[in-house]
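**Student:** For reference, each letter of the sequence shown is one residue, going 3 to 277 in the working numbering. Note that the Cβ used here is the ideal one computed from N, Cα and C, for glycine as well.
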Amino acid sequence: MGSVNEQLAIDYQTLLTENESLATLERAAKLVWGAVGGRIVLTESAFSFQPSTSNAAALAKRIRSSFRLEDVFDVERWRKIVAAHPARSREHRRLRALVVDVSAALTAAPAIGSLADFTLRRYSLLIDSCLLLAHNAYFALLPKLDDPRYAEERVFLLLTFRRFAESLSGPADRFALLALYFDAVGKPRQASESRRASLAATPADAHDFVTVLQSAWTDLVERGLISEALDLLLENYPRVSRRDLDEVGELIRQTFRRAAAANGHSEARHKTARH
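#1: Suppose you measure from the CA of Ala270 to the CA of Gly251; what does that come to, to the nearest Å?
#2: Which complete alpha helix (DSSP H) runs does the segment 203-268 hold, if anything under 4 residues is left out?
#3: Buried or exposed, going by whether 16 or more other CB atoms sit within 10 Å of the CB of His209?
#4: Please confirm whether Val38 and Ala136 have their CB atoms less than 9 Å apart.
#5: Quick check on Leu44: does DSSP put it in helix, strand or coil?
#6: Touch check for the segment 189-207 and the segment 160-176: three-plus C-beta pairs under 8 Å?
#7: Let me know the secondary structure DSSP gives Phe51 once reduced to three states.
#8: Using the C-alpha atoms, what's the distance from Asn238 back to Arg66?
#9: Evaluate Gly188 with the Cβ neighbour count: other Cβ atoms within 10 Å of its Cβ, from every protein chain shown; 16 or more gives buried, anything less gives exposed.
#10: Taking Glu154 as the reference, which of Ala85, Arg244, Leu234 has the closest Cα?
#11: Three-state secondary structure (DSSP) at Val118?
#12: Buried or exposed, going by whether 16 or more other CB atoms sit within 10 Å of the CB of Glu8?
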């Protein structure tokens with residue numbers, strides 16, 4: 003089992019360095035199921051758990067006796083989608099298969115992991131793998147569904163995404179994923195609030211603190227909220243580690259330049275209007 007965990011950890015680290023793509027998404031889903039020790043196979047009428055190792059046989063028995071996929075995965079909604087909107091092309095079939103595999107993994111895998119006698123390290127790897135899968139699903143699969151032909155699959159994937167986000171115990175990850183969800187459904191204010199909440203929950207010495215801060219800053223700047231972006235940086239500047247001071251200082255300088263440019267344009271328009 004130790005060698006299995008080590009290989010899973012290596013695969014996880016490798017996937018972290020790869021760009022988002024459908025191929026990476028498929029490998030991330032395989033990683034999640036590998037961390038579980040088997041996979042959920044869903045058909046229109048039933049589901050089954052297929053163990054991938056002999057060690058997962060006991061888990062398969064436990065799943066059959068105490069796990070209901072309907073408690074975590076919206077099976078009825080999925081069946082209605084399939085019945086009302088059959089896939090009509092090879093691409094549609096591939097995207098639909100990815101939607102159901104990703105959705106099953108994000109909802110069922112953490113629940114199954116809670117049933118299993120996993121070590122803390124194994125369970126942490128499972129959740130980290132699910133986070134990686136969610137990230138790739140959002141940036142690689144979701145854009146492919148931005149077509150009226152795939153509207154139902156898009157809605158289903160986003161509902162799964164939100165359900166997975168809300169199931170996370172860590173607030174930093176939970177709010178970061180919810181920010182992406184609100185972006186996707188056209189709710190920028192809720193997305194901004196979620197980014198601020200994620201930033202507040204991220205320790206200042208975390209390796210991704212500046213990344214989370216920059217994400218919240220970029221969101222405000224792109225929405226033209228320069229004053230709020232500056233306030234965000236100044237509020238969090240006392241939390242910044244010494245190693246990150248230069249990088250955050252540059253963000254502050256950029257914000258001042260943007261504010262000055264915006265004021266310059268405003269004054270120019272005002273003078274033109276007066277003349």
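**Tutor:** With the structure as the only source:
#1: Confidence at Ala270 is low in this model, with a pLDDT of 48, below 50, so its placement is unreliable and no value can be given for it.
#2: Whole alpha helix (DSSP H) segments, 4+ residues: 211-224, 228-238.
#3: exposed
#4: Result no, Cβ atoms of Val38 and Ala136 do not sit closer than 9 Å.
#5: strand
#6: yes
#7: strand
#8: 49 Å
#9: exposed
#10: Ala85
#11: Note that residue 118 corresponds to Ala in the displayed sequence, not to Val. Ala118: coil per DSSP, three-state reduction.
#12: exposed
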